[in-house]
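In our numbering, the protein residues as written are 2 to 205.
Below you'll find the structure, written out as structure tokens, and then a few comments.
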Ligand code: HEC
């Protein structure tokens with residue numbers, strides 16, 4: 002009985018199959034059969050769509066398109082002060098980065114008196130980060146670690162202002178927005194070069 006049911010399902014499926022059925026799934030990939038697959042897929046015309054999904058709307062793409070470039074491209078409108086950032090940091094960040102950003106247990110975000118020469122493995126912002134702008138990119142995507150993406154633009158600017166302050170890079174009364182963030186020159190600015198290798202075997 003079971004055999005009959007399976008056969009019936011197979012027949013129905015076969016009856017519905019489009020003329021150009023996709024190639025069966027391969028169970029193992031070897032150089033020989035993957036080369037054969039490439040030739041085969043070049044010869045076969047793939048369908049223009051697979052009958053599911055929808056084109057991504059501009060609004061949907063915009064929600065994913067949040068990267069901030071080193072030159073500040075992509076920074077949203079907003080502003081935040083060192084003191085607002087201090088409050089936010091105490092509530093949302095201090096548990097992992099320490100009460101004043103140096104105690105840990107996770108990465109020390111500041112290192113008073115630290116320098117690239119003295120502590121080359123330091124990841125403190127004032128020692129290691131080449132651009133203040135990319136702090137925005139990183140924090141909005143990755144921090145706080147358990148709830149990334151929850152900070153508003155104003156909160157993100159504020160916490161960056163606080164972090165730059167504890168690294169001695171902006172005064173206690175600083176307020177940051179997109180323009181002032183771009184204008185900050187980080188101590189490690191010249192420690193990095195743009196990686197313009199095209200890929201593949203290129204080595205510089
Ligand atoms: C639950 C723990 C936790 C919390 C809370 C947290 N962080 Fe982090 N943070 C980490 C860890 C762990 C890393 C290292 C991640 C890695 O190396 O991939 C990190 C890395 C960072 C870095 C990069 C440091 C560097 O130079 O590499 C920054 C900046 C940062 N956090 C900012 C924040 C801010 C701002 C907040 C609060 C809004 C926050 N973090 C809250 C755990 C946390």
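Using N, Cα and C, we set each Cβ at its ideal position, and we do this for glycine too.
If you're wondering where the values come from, they're calculated on a predicted model, not measured in any experiment.
The beta carbons of residue 179 and residue 89 sit about 19 Å from each other, so the pair does not count as a contact at 8 Å.
Look at residue 118 here: in three-state DSSP terms it is coil, with no helix or strand label. Between residue 164 and residue 102, the gap from beta carbon to beta carbon is short of 8 Å. Residue 112 is bridged by DSSP to nothing; it lacks a bridge partner.
Distances between the C-beta of residue 124 and the heavy atoms of ligand 1 include at least one below 7 Å. For residue 59, the uninterrupted alpha helix (DSSP H) run begins and ends at 59-65, by DSSP. Under the three-state reduction of DSSP output, residue 75 falls in the coil class, being neither helix nor strand.
In the DSSP annotation of this structure, the continuous segment of the alpha helix (DSSP H) that includes residue 85 starts and ends at 83-93. Counting every other CB atom within 10 Å of its CB across the protein chains shown gives residue 158 a total of 16 or more, marking it as buried.
Residue burial annotation: residue 46 is exposed, with fewer than 16 other C-beta atoms found within 10 angstroms of its C-beta. 8 Å or more divides the Cβ of residue 185 from the Cβ of residue 111.
Taking all protein chains in view, the Cβ of residue 104 is surrounded by fewer than 16 other Cβ atoms within 10 Å, so the residue is classified as exposed.
Judged by DSSP in its simplified three-state form, residue 47 adopts coil rather than helix or strand.
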